[in-house]
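In what follows, a single structure is set out as C-alpha cells and then discussed.
Residue numbers (my numbering), protein chains in the order written: chain A, 1114 to 1461; chain B, 176 to 660; chain C, -2 to 187; chain D, 515 to 628.
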C-alpha cells in the first residue's frame, strides 16, 4: 500500500512541483534574457538597476504586476474575461507534463532506483502536445472578445485564424518526424535518434525549418506577432488586461516558446543526448548531465526567437496568410513525400 | 492489399480525379466556359460509365471488394448508372442556366460530380462506414449546391434549413449505427444480415438502432415526418439544383435504404415494417394534400416528390423481391419524369425566380404548343395515367404491396393518386384552358441542350410506359444481389 | 486510500460525466452563443477524457485536436465575426414549444435507456489489448487504429478526403467576396 | 493502469451518451439561433462517438468480438472528420447568409415558410 502511495501520489506530485517551479522560474528569466539580448542587439544596456547587473529584474516585474490594480472594463464579459488568461496559461504548462528533459536517473545515486525526471511518457505524447497547444488559442480569442473592445476582438480573431492556419503545416512537419521515429512517444523519438546514429535535423532539415517557422507563428512572436501589433491594434487581444491577468498572457507567450523549443530539441536535435552519442572517443562529453545538453539546445532555439525579434519587421496579415497557405503547406506536403520516400528506401 | 484489388474501384477513382480536374478547369475558364465544362463533365461521367461496364461489373465469386468495403453487384451497377444518368442530364440542363446567371460553372459541375461519387458509394457500400461516408459526401455537396446562388436570400435560407436538418438527420443516423454496432458488434452488412438471421430473440438495442437508422434514411428520401426541409430547399435552390436533388440523391438514398432494409435488416422485417408502413401512408397522404394548395411550381413539385417517395416506400413495406425491383424501376421512371418536369421550370425561368408561379403557365399551349405537350406528358406521368411510365411504376409497386397483403396501404395510395390529379392538372388547365397575359407573355428560354434533354425524358417516359420490360429485367437482376427471392 | 485506488476509474468517470452533462446543459441553456460554445468545449474535453478511459487514446487526442482545437475555434470565430450579440436574445426556454420538446426528448431518452437496459449491456467486461493489437502484437492504440484504417477502411478514408475537399470548396464559395457579384465590399475583415 | 482497479460497467458510458444525445436533441428543438442549433448538433454527434467508444471497449473484452472491436473507433474517426467538414460548410453558410440578412435566426426566415 505504501509503495503504491509513493509510486502513484508522492513521486508524481514532487515531479510536478519541481517541473512547474523550474519552468516558471525559467520563463521569468526568459523575459529578462529577451530584454538583455535585445538591448545588446540594439547596443543598449538593458535592465541593470535591480540587483547585480539587473538579475533581480524579473522578480521586481513580478511584484509590480502582482500588486498592480486589476482593472476589468465595465462592459466586459466578466466570466469569460477572467477565464481567458487561465485558458492560455494552463495548456502552456500542461504541455510540460509529457516533455522528457532527461532519461531516467538515480540522481547521482541519491535514489534507490532510476526515476524518469519527466512527469509521464505516454504513447501519444506528440499528439497530446499538439492538441493541448491548440487549446491555447482560446485564451487569446476569448480575451479579445470579452474585452468588448474592437481592437482586442480584431487581435483575437486574427490570432485564431493565424494559429489554426499554421497548425496545419506544423502538423505535416511533425508527421515527417513521425515517419522517421515511428512513434508518437517523445521518449521513443529521442531513443530512435540514438538508435539511428543520427539526429533528425539532418534528414529533416526542411521539416525543422517549417516546424520552427510555424512555432514562431503559433506563439505569436515576431515576425508573426500580428495579434498584438502595437501600432495597429494597440496591443491587440490583451489591451484591456492589466496586473496579474496581463502577466499570465505575457508568461504564457514565453512558456509556449519554451514548449516549441523543447519539442524542436526533442524531435530534431536528439533531446537530452550529447552530440554524437555513439562515438566512443567523445564519451568525455557524457560528463555533462543530459539535462544540461537539453537546456543548451533549448536555449539555442530561444535565442533564435529573440534574434528574430531583434531583426525582422512584422508581416502584413494577408502576407502572413499567404506564407502559411501558399508556401508552408505545399512545402510541408512536399517534404512529407520526400521524407516518406527516403524512409521507405532506407528502412524498406 | 495489392494494386489489382483497386481495379473494380477505378470508376470511382476516375470520377474523383475528373471532378478535381473540372474544378481546376473551371478556375481557368471562368464564367464563359459553362457549356464546355458541362460537356467535359458529361464526358467524364461517360468514361466512368464505360469503366463501370468494363471493370466494375460483378465477377463470379467476388461480391465485395477492397476488404469488404464495397459491393460489386448488379444492384450497385443499376443505381450507379441511374444516378450518373440523372447527373448527366442535370449537367446539360444547367449549362445554359448557369450561362445566364452570374455564378461560375466550374465549382457547380465539380460539385455535381462529387455528389455523384457519393451516390455511387451509397449504391455500392458494403459496410456502414462506407455508406455513411458516401452519404455525407453526397449531402455536403448538396448543401453547397442548394446555397450556390449565395446572393439570393432564398437560396441562402433553403441551404441553411437543409443543412441544419440534414446534419440533425445524420446525427440520428450515426447514433442509430452506434446502437446497431453495439448490438451486433459489426459494421459489415453481410455480417449484420448473418447475425440477424442467426438470432431469433428480440433485441431492443438492435431494434432501436434500426429505427434510428430508418429515421435517418426517411429524412434523406424526404418522407413524412422528416420532410420539413424539402419544400424550402427545393424552392430556394437554383432550379437545376432542385432538379438534381429531387432525383439523383433520392435514388441514391433509396439504394442505400433498400440495401440496408431489404438487404441487411431483412431478417428483422417484422420488427420495422410497421414503422415503414406508417411512414409510407403518412408520406403519401401528406405530400399529396399539401401539394394541393401550392402556387409555386417548384414547391408543388417538392410536395409531389414527397408523395412519390411515399409510393416508393410502399415497395419497401412489401419487403418482397417484387417490392425491391418495383422500387428500383420506380426510381428510374421517377427520375426521368421529374427531371423532365423541372426542365420545363428551367425553361420558363428567364432570370432570377420569375416563371415559378402556376399562373406563369397560363396560355402556354397557344404560344408554345410543343412545350405544353411535353409538360402535359410529364404531368400525366407524375399523376400515374397510362400509357405513361408513371403508371407502370405505380402498377408494379402497388401490386407488390397487394401480393404481400398490404391492401389498405395500396387503397390509401390509390386514393391519394386520384387527389394528385387535381394539382397536376391545375398546370395543364393553366396551359390549355386559360389565356395568358397577351401583352406580356412569359418568355421561354430557347436552349437546344435543354430541349434535347427534355426530349430524352419525354421519350423515356413514353417508351417505358408502353414497353417497360428492359428496365424491369435489369432491376430484377439486381434482386439477387440483395439475397431476396 | 484503498477505496480511492480501487475505484479510481469510477471516480474519474463520475467527475468527467458530471462535467460533460453540465456542459451539455450549458450548451442549450446559455443565451449567449459564446457561452454555449465554451460550454460545448468543456463537454468535448470531458468526452476526450472518457475516450482515454475507454482506451481510445488516439481518438482522445484527435478529439482534442480536431474538435477542441479546430471546430470550436471556427465556431467562436464565426460567432464573433457575425457579432451575434446584436441578434435578439435566444429566449428558447420561454417558447411554447419548450414543453413539447423536453417531453419528446425525455421520451426518446427513456427509449434509449430502455434499449440499453433490455439489451443487457450492463456487464462490466471490456479489454484494452484488442484495441492495441497490430497483427497479433500488442503495440498501441494509435498503431492499431492506423493499421485498421489503412488496411481495411482505405476506401472510406479516401472518400473522406473528397468530403473534405467538398467542404473546402463550399467554404470558399460561401466565404469569398466576388468582386463581380457583390456590390457592397468594405466590410471589416480580420 | 493499476490492475487492481475496478472497471466501470460499459452501460454507464452508454447512459451518459444517451443523456448527451437527448440534451442535444432538446437543444436542436428549442434553440432558434442557427449557430446554437448547430452546437447542439455537435453534442449529438459526440454522444454517438461516446457510444461507439464504449462499445468498442466492451467488444475488445470478449474474444469472439475482439476482431471487430477497433471498427467502433474507426467509425468515430470518420464521424469526427465528417463533423469537421460539416462545420466548415455550415459556418460558411451562416456567414454568407449573415452578409445577406444580418441575422442567423432560423425563425426569422420569412421568405420561405418554415
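Note that CB positions come from ideal geometry on N, CA and C, so glycine has one too.
Just so we're clear, the structure is a prediction, and the values are computed from it rather than from any experiment.
Sub-8 Å separation of residue i and residue j beta-carbons
| i | j | result |
| --- | --- | --- |
| residue 315 of chain B | residue 164 of chain C | yes |
| residue 1190 of chain A | residue 1272 of chain A | no |
| residue 395 of chain B | residue 486 of chain B | no |
| residue 390 of chain B | residue 349 of chain B | no |
| residue 1141 of chain A | residue 1171 of chain A | yes |
| residue 1201 of chain A | residue 1257 of chain A | no |
| residue 310 of chain B | residue 431 of chain B | yes |
| residue 1238 of chain A | residue 1298 of chain A | yes |
| residue 564 of chain B | residue 512 of chain B | yes |
| residue 244 of chain B | residue 301 of chain B | yes |
| residue 435 of chain B | residue 362 of chain B | no |
| residue 516 of chain B | residue 476 of chain B | yes |
Span separating the alpha-carbon of residue i from that of residue j
| i | j | result |
| --- | --- | --- |
| residue 586 of chain B | residue 457 of chain B | 13 Å |
| residue 1369 of chain A | residue 1279 of chain A | 15 Å |
| residue 583 of chain B | residue 351 of chain B | 30 Å |
| residue 554 of chain B | residue 600 of chain B | 7 Å |
| residue 620 of chain B | residue 192 of chain B | 34 Å |
| residue 524 of chain B | residue 141 of chain C | 56 Å |
| residue 190 of chain B | residue 1393 of chain A | 58 Å |
| residue 373 of chain B | residue 1319 of chain A | 57 Å |
| residue 1231 of chain A | residue 1212 of chain A | 7 Å |
| residue 16 of chain C | residue 556 of chain D | 17 Å |
| residue 1168 of chain A | residue 1159 of chain A | 11 Å |
| residue 598 of chain B | residue 552 of chain B | 14 Å |
| residue 38 of chain C | residue 177 of chain B | 42 Å |
| residue 1410 of chain A | residue 1384 of chain A | 8 Å |
| residue 481 of chain B | residue 1291 of chain A | 52 Å |
| residue 1154 of chain A | residue 1334 of chain A | 17 Å |
| residue 355 of chain B | residue 370 of chain B | 11 Å |
| residue 326 of chain B | residue 1366 of chain A | 42 Å |
Member of the options whose CA lies at the smallest distance from the CA of residue i
| i | options | result |
| --- | --- | --- |
| residue 590 of chain B | B:646, B:547, B:460 and B:503 | B:460 |
| residue 183 of chain B | B:252, B:204 and B:196 | B:252 |
| residue 96 of chain C | D:535, D:522, D:544 and D:579 | D:544 |
| residue 596 of chain D | B:240, B:345, B:282 and B:301 | B:345 |
| residue 1163 of chain A | A:1155, A:1177, A:1377 and A:1150 | A:1177 |
| residue 622 of chain B | B:329, B:355, B:271 and B:219 | B:271 |
| residue 520 of chain B | B:246, B:415 and B:558 | B:415 |
| residue 1349 of chain A | A:1196, A:1255, A:1214 and A:1245 | A:1255 |
| residue 1447 of chain A | A:1335, A:1317, A:1187 and A:1274 | A:1317 |
| residue 138 of chain C | D:583, D:610, D:599 and D:579 | D:583 |
Proximal residues of chain C, C-beta to C-beta of residue i below 9 Å
| i | result |
| --- | --- |
| residue 1273 of chain A | 70, 71, 73, 74, 77 and 187 |
Chain-ordered neighbours of residue i on chain C, where CB pairs are closer than 8 Å
| i | result |
| --- | --- |
| residue 1457 of chain A | Those do not exist, as residue 1457 of chain A stays about 15 Å from chain C at its closest Cβ, beyond 8 Å. |
| residue 1292 of chain A | Per Cβ cutoff of 8 Å: no residues; residue 1292 of chain A is ~12 Å from chain C at best. |
| residue 1193 of chain A | 31, 32 and 35 |
| residue 1302 of chain A | Correct list: empty, because the minimum Cβ distance to chain C is about 13 Å. |
Chain B contact residues for residue i, given Cβ-Cβ distances below 7 Å
| i | result |
| --- | --- |
| residue 542 of chain D | 343 |
| residue 109 of chain C | 383 |
Interface partners of residue i on chain D, CB under 8 Å
| i | result |
| --- | --- |
| residue 142 of chain C | 584, 587, 588 and 591 |
Proximal residues of chain A, C-beta to C-beta of residue i below 9 Å
| i | result |
| --- | --- |
| residue 62 of chain C | 1240, 1243, 1244, 1247, 1280 and 1284 |
Worksheet item: What are the residues of the stretch 586 to 612 of chain D that lie near chain C, defined by any Cβ-Cβ distance shorter than 8 Å?
Response: In summary, the residues of the stretch 586 to 612 of chain D whose CB is separated from some CB of chain C by less than 8 Å are 587, 588, 590, 591, 592, 594, 595, 596, 597, 598, 599, 600, 601, 602, 603, 605, 606, 607, 608, 609, 610 and 612, in the order they occur in the chain.
Discussion item. Beta carbons nearer than 8 Å to chain C: which residues of the stretch 552 to 568 of chain D have them?
Written reply: Residues passing the 8 Å Cβ filter: 552, 553, 554, 556, 557, 560, 563, 564, 567 and 568.
Item to complete: With 7 Å as the limit, tell me which residues of the stretch 42 to 57 of chain C have their beta carbon closer than that to any beta carbon of chain A; keep them in chain order.
Response: Within the stretch 42 to 57 of chain C, the qualifying residues are 54 and 55.
Worksheet entry | Selection of the stretch 1277 to 1289 of chain A by Cβ proximity to chain C, strictly under 9 Å | Residues of the stretch 1277 to 1289 of chain A with a Cβ closer than 9 Å to any Cβ of chain C, in chain order: 1277, 1280 and 1284.
Worksheet entry | Selection of the stretch 291 to 313 of chain B by Cβ proximity to chain D, strictly under 8 Å | Flagged, chain order: 303, 304, 307, 308 and 311.
Fill in: Contacting positions in the stretch 235 to 260 of chain B - beta carbon closer than 8 Å to chain C
Cβ contacts with chain C: 241, 242, 243, 244 and 245.
Discussion item. Using a Cβ-Cβ cutoff of 7 Å, what residues of the stretch 356 to 372 of chain B are near chain D? List them in chain order.
Written reply: Answer in chain order: 356, 357, 360, 361 and 362.
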